[in-house]
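What follows is one structure encoded as structure tokens, with my remarks underneath.
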Amino acid sequence: DAMVIQNPRYQVTQFGKPVTLSCSQTLNHNVMYWYQQKSSQAPKLLFHYYDKDFNNEADTPDNFQSRRPNTSFCFLDIRSPGLGDAAMYLCATSRASGPGETQYFGPGTRLLVL
Amino acid sequence: ILNVEQSPQSLHVQEGDSTNFTCSFPSSNFYALHWYRWETAKSPEALFVMTLNGDEKKKGRISATLNTKEGYSYLYIKGSQPEDSATYLCAYPTGGFKTIFGAGTRLFVKA
């Protein structure tokens, strides 16, 4: 089945220790998104790629970076995680842009910062 | 700042009960409204995308209505089953790539 895969499902890191979360898709979608969801809050868009074009949300901290080496893979790098970065990180894809486009999600990676 | 509100935050019902919850969104510059279901330990899955005022969509026991003039959508579940237990998210696209999500309604259905 075509899908969006996130690894790992749970990630524990230490305060200040760089961490990378990964996302892959078999849908061949043009757009990939990273969302951060803190407990009981709405998922918040961090950035997205349309093909190789990267778009950072204005309020995404500089501590967060992303890479998309090819259509299938996208990575979220947190350079120096703080305690406030503990959250669920969701990767999503869509075929194209447009308000009617459905997003397809991975199961998320839950990040714990010690 | 665009805001999408969902209520209630959580809901506990008995098997067989019918239930509904609300998503409120800005009524100006409306493009579409999405509903997603997110079961624990799984991926959020699309339920509906709604675009026209007065739209009503149905999938099995789940249906949704849309009022773009007043800025709300209702999600209804008829005869809730334990497998309906999940978080239901609504999502409001802003016209570009950005989608604003609500915080979700967490539904618990007790057998």
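Chains as they are written, first to last, in our numbering: chain Z, 1 to 114; chain S, 1001 to 1111. Cβ coordinates follow ideal geometry from the N, Cα and C atoms, glycine included. Small disclaimer: the values here were computed from a predicted structure and weren't measured.
With H, G and I counted as helix, E and B as strand and the rest as coil, what does DSSP make of residue i?
i, result
"S:E1005", "strand"
"Z:L27", "coil"
"S:E1056", "strand"
"Z:D77", "strand"
"S:P1093", "strand"
So with CB distances below 8 Å, who are the chain S contacts of residue i?
i, result
"Z:S40", "Q1009 and A1103"
"Z:P8", "Simply none; closest approach about 14 Å."
"Z:T102", "H1034, A1046 and V1049"
Considering just the uninterrupted stretch of the beta strand (DSSP E) at residue i, what are its terminal residues?
i, result
"Z:F114", "Here the sequence assigns Leu to residue 114 of chain Z, which means Phe is not the residue at that position. Element bounds for Z:L114: n/a, residue is neither H nor E."
"S:E1045", "E1045 to M1050"
"Z:T18", "The sequence shown places Pro at residue 18 of chain Z, not Thr. No beta strand (DSSP E) holds Z:P18; DSSP gives it neither H nor E."
"S:F1021", "T1019 to S1024"
"Z:N55", "D53 to N56"
Write down the C-beta distance between residue i and residue j rounded to the nearest angstrom, noting that I regard them as a contact closer than 8 Å.
i, j, result
"Z:L76", "Z:V113", "Not a contact, Cβ separation roughly 14 Å."
"S:K1110", "S:H1012", "7 Å"
"Z:V19", "Z:T93", "The pair is not a contact, with the Cβ atoms about 22 Å apart (cut-off 8 Å)."
"S:I1062", "S:I1077", "5 Å"
"S:A1103", "Z:S39", "Contact flag wrong, Cβ pair sits at about 10 Å."
Give me the chain Z residues within the contact set of residue i, using Cβ-Cβ distance strictly less than 7 Å, ordered along the chain.
i, result
"S:S1043", "V4, F105, G106 and P107"
"S:A1086", "What S:A1086 touches in chain Z: nothing, since even the nearest Cβ is about 13 Å away."
"S:T1065", "Residues of chain Z passing the Cβ test: none, with the nearest at roughly 18 Å."
Interface residues of chain Z around residue i at Cβ under 8 Å?
i, result
"S:G1095", "P99"
Looking at chain S, which residues of the segment 53-73 of chain Z have a Cβ within less than 7 Å of any of its Cβ atoms?
Listed by position, the residues of the segment 53-73 of chain Z near chain S (Cβ gap below 7 Å) are N55.
Given a limit of 8 Å on CB to CB distance, which residues of the segment 1003-1034 of chain S reach chain Z?
Within the segment 1003-1034 of chain S, the residues whose Cβ lies closer than 8 Å to any Cβ of chain Z are, in chain order, V1004, Q1009, Y1031, A1032 and H1034.
Closer than 9 Å, Cβ to Cβ, to anything on chain S: give me those residues from the segment 27-51 of chain Z, in chain order.
Hits within the stretch, in order: V31, Y33, Y35, Q37, S40, Q41, A42, P43, K44, L45, H48 and Y50.
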